[in-house]
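The listed protein sequences correspond, in order, to chains A and B.
Mapping the first sequence onto my numbering, position 12 (from 1) lands on 15, and the numbers just tick up by one.
Mapping the second sequence onto my numbering, position 299 (from 1) lands on 304, and the numbers just tick up by one.
By construction, the Cβ of each residue, glycine as well, lies at the ideal position given by its N, Cα and C atoms.
On a predicted model such as this, the values are computed, not experimentally measured, just so you know.
Right, one structure below, let's go through it.
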Amino acid sequence: MKIRQLSVFVENKTGHLNQILAVLARNNINIIALTLADSIDFGLLRMLVSDAEKAAEALRTENFTVRIHEVLSLELEGVPGSLSRVLNHFSDNGIAIEYIYAFSFGSKSILVMRPDNTEKAIEIIQKYQLKPIYESDLKAQL
Amino acid sequence: MIWNEEIECMSSSEMRKLQSERLKELVNKVYQNVEFYRKKMDEKGVRPSDIRSIDDISKLPFTNKTDLRDNYPFGLFAAPMKEIVRIHASSGTTGKPTTVGYTKKDIENWQEVLARCLIMSGVTPEDIVQVSFGYGLFTGGLGIHYGAENVGCTVVPISAGNTRRQLQLMSDFGSTVLACTPSYALHLADAMSEFGYSLSDMKLKTGVFGAEPFSENMRLELEKKWGIKAFDIYGLSEIMGPGVANDCEFHDGLHIHEDHFFPEVVDPKTKEPLPDGQQGELVFTTLTKEGIPLLRYNTHDLTTLNRERCECGRTLVRMKKITGRSDDMLIIRGVNLFPSQIEQVLLEMRETSAHYMLYVDRENNLDILELKVELDETKMVDTIKDLMSLSRKIEHSLHSALGLSVKVTLVEPKSIPRSEGKAVRVIDNRKI
């Protein structure tokens, strides 16, 4: 359920995001999911990629600020209300979500999130038998 | 009008006699009372008895801002603390401020030179003087305050900031003199319409502007915008504060109160005294100071001296308006700032790399600072919230260390150009 995510610092400059993507392309890294958070001063690019270590190293070599963080991932049922039901478990137990994003992978709906308390969140996932996603699940179809 | 005609119009031979007597007395005093000067003079092989007239001043050692820092806080004081009645401070080159102390006599002398400056600017006892320089450790507010009281003016000690209230009181009280930094005076002029005022609501006739360098063009612009006569008052806390020099109605250089502050101009490289008319670093010896007398203190302000008799009748030597400095000190809203102070804060915080670039700009006539600093990869986080709090944290530390607001922008590592040789740390886009 813990998967590795790249967080890349993106200055607010035209073409900057594209430079990051070009580095990944040159190194044959596949992007599985991507989300960009924007603020007045800068952006923050979060990505799940086919090879986190290799991608981080390639970006570092090109002077980008990148770090690998662990986030939690779950599979969702593809029906209305499924995300809300999952999040109820967390909020009922006092866990706040720092950020969240979702994507579909093959036929699966996948949720990625960063709770404020990862260990407690894992307990909830186990207690309510939520369906975890591992990095290997995201490689299967590549 | 001239406040002290005897001194301000003194013949040059009499002035040199007075300066010579005062210098001899000063050198004896610092040699006896200040270990720092005794050591420095001994090292140079100069005895107090070698100083027989003002012409011997070049035998004496120089003093620099770093000497004040090294002897922080009171090491250069020549009077016992029971005689010190006030402390002021300005920013030093790094963490520690530059402190100065005044005896009762020093405060009296300060009031005297300030009265001369104000009278030189056409101020009279009937005037209502709005002192919009900051009050506190900064010498601007309290310095002008006591000088204006000495003249007999009505003083409005409003201090700096709060533009709306500045304009309201200026209009309600009918202030006739405004004393503040030239950039703030421009800001106030431009803010009038925003707050529903016009020149017809104001009775201002004189501006006494200082604490930051400004060009003759800016002085003329201030005169036009306010419909006033504008004057440049010069000073620095190490020497006294505002009131070291001031320009008269002919605006052809600032008259230095040389009976108290003896000026020399030296070559920035060799530190050899330069003849009048040649540009170099301005150096002062405080002839009468008791609290913290300084021998040949290098201000690093660049100017030239002119001893020709002025049309106003004063014989006091004139210095050209300051146009630049020989070091990297910046003056931001009247506050001295050395790039090394910023570096110090960043190094102490250990939150970012120490690679930075400071951008100085002027928006609505107010100086603004933006610091671009390279993010340290080990501090890279995955939430916007944490990144924002990092920049806020740096902003907060800078504000408490410098007394200035700085907008901090995080940038990528190695995005700030590395220079070969002397690092360029500041880009100053202000037009002054």
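Enumerate in chain order the residues of its own chain whose CB-to-CB distance from residue i is below 6 Å, with the five nearest sequence positions on each side excluded.
i	result
Arg91/B	Tyr107
Ala60/A	Looking at the sequence provided, one finds Glu at residue 60/A rather than Ala. Around Glu60/A: no qualifying Cβ.
Ile327/B	Pro218, Asp306 and Thr308
Trp231/B	Ala194 and Leu209
His262/B	Val118
Glu88/B	Thr108
Ile35/A	Leu51 and Leu141
Lys29/B	Ile56
Val288/B	Glu269, Val271, Arg301 and Asn303
Beta-carbon within less than 7 Å of residue i's beta-carbon, same chain only, minus the 5 sequence neighbours each way: which residues are those?
i	result
His305/B	Glu286, Arg330, Ser331, Asp332 and Met334
Val429/B	none
Arg21/B	Ile59
Met207/B	Met175 and Ser176
Asn114/B	His265 and Thr293
Thr181/B	Asp132, Ile133, Lys208, Leu209, Lys210 and Thr211
Tyr131/A	His92
I'd like to confirm something about residue i: is its beta-carbon nearer than 7 Å to some heavy atom of the ligand MN, or not?
i	result
Glu48/B	What this structure holds is no ligand at all, so the ligand MN is not there to describe.
Whose C-beta lies closer than 8 Å to the C-beta of residue i among residues of the same chain, with five residues either side of it excluded?
i	result
Leu145/A	Note that Leu145/A scores 46 on pLDDT, short of 50, meaning its location in the model is unreliable; the coordinates nonetheless yield the value given after this. If we look at Leu145/A and ignore the five residues flanking it on each side, its Cβ neighbours are Asn33 and Ser53.
Ile23/A	Val11, Val13, Leu48, Leu62 and Phe67
Val89/A	Leu77, Leu79, Leu114 and Leu133
Ser242/B	His93, Ala94, Ser95, Thr103, Val105, Phe143 and Thr144
Find out if the Cβ-Cβ distance for the pair residue i, residue j is shorter than 8 Å.
i	j	result
Thr83/B	Pro278/B	This sequence places Ala at residue 83/B; Thr is not what is there. Their beta carbons are not under 8 Å apart, which means Ala83/B does not touch Pro278/B by this criterion.
Ser351/B	Val386/B	Position check: residue 351/B holds Leu in this sequence, whereas Ser was assumed. Cβ distance not < 8 Å, so Leu351/B and Val386/B don't count as in contact.
Ala196/B	Gly339/B	no
Phe45/A	Asn21/A	no
Pro162/B	Val136/B	yes
Asp27/A	Leu77/A	A small fix is needed here, since residue 27/A is Leu in this sequence, not Asp. For Leu27/A and Leu77/A, no; Cβs fall outside 8 Å.
Val371/B	Val365/B	In the sequence under discussion, the amino acid at residue 371/B is Leu, which differs from the Val named in the question. No, the pair does not count as a contact, with Cβ atoms beyond the cut-off.
Pro247/B	Phe214/B	no
Asp237/B	Leu209/B	no
His192/B	Asn369/B	yes
Lys294/B	Asp61/B	no
Leu81/B	Leu73/B	yes
Ile124/B	Met6/B	yes
Leu75/A	Thr121/A	yes
Arg170/B	Glu13/B	no
Val413/B	Leu380/B	no
Determine whether the Cβ of residue i lies closer than 8 Å to any Cβ atom of chain B.
i	result
Leu145/A	Note that Leu145/A scores 46 on pLDDT, short of 50, meaning its location in the model is unreliable; the coordinates nonetheless yield the value given after this. It does not; no Cβ of chain B falls within 8 Å.
Phe106/A	no
Arg70/A	yes
Ala40/A	yes
Asp44/A	yes
Glu14/A	yes
Glu78/A	no
Examine chain A for any beta-carbon lying closer than 8 Å to the beta-carbon of residue i, and answer yes or no.
i	result
Met362/B	no
Pro85/B	no
Glu88/B	no
Leu415/B	yes
In chain B, which residues lie less than 9 Å from residue i when you measure between Cβ atoms?
i	result
Ala25/A	The premise fails here: Ala25/A is roughly 15 Å from chain B at the closest Cβ pair, so nothing lies under 9 Å.
Ser10/A	Met385, Val386, Asp387 and Thr388
For a contact meaning CB atoms closer than 7 Å, what does residue i contact in chain A?
i	result
Lys419/B	Asn66
Using a Cβ cut-off of 8 Å, pull out every chain A residue sitting near residue i, in sequence order please.
i	result
Glu382/B	Arg63, Thr68, Val69 and Arg70
Verify the CB distance criterion: does residue i have a CB-CB separation below 8 Å to chain C?
i	result
Ala235/B	Of the protein chains in the structure, A and B, none is chain C.
Worksheet item: Mind listing which residues of the segment 108-140 of chain A have their C-beta closer than 9 Å to chain B's C-betas, in chain order?
Response: Arg117
Worksheet item: Listed in chain order, which residues of the segment 46-63 of chain A have Cβ atoms closer than 7 Å to some Cβ of chain B?
Response: Leu47 and Arg49
Discussion item. What are the residues in the segment 41-61 of chain B lying within 7 Å of chain A by C-beta distance?
Written reply: none
Worksheet item: Which residues, in chain order, does the segment 391-403 of chain B contribute to contact with chain A at a C-beta distance below 8 Å?
Response: Leu392, Met393 and Ser396
Item to complete: Taking only beta carbons into account, state which residues of the segment 90-106 of chain A come closer than 9 Å to chain B, listed in chain order.
Response: Glu101 and Tyr102
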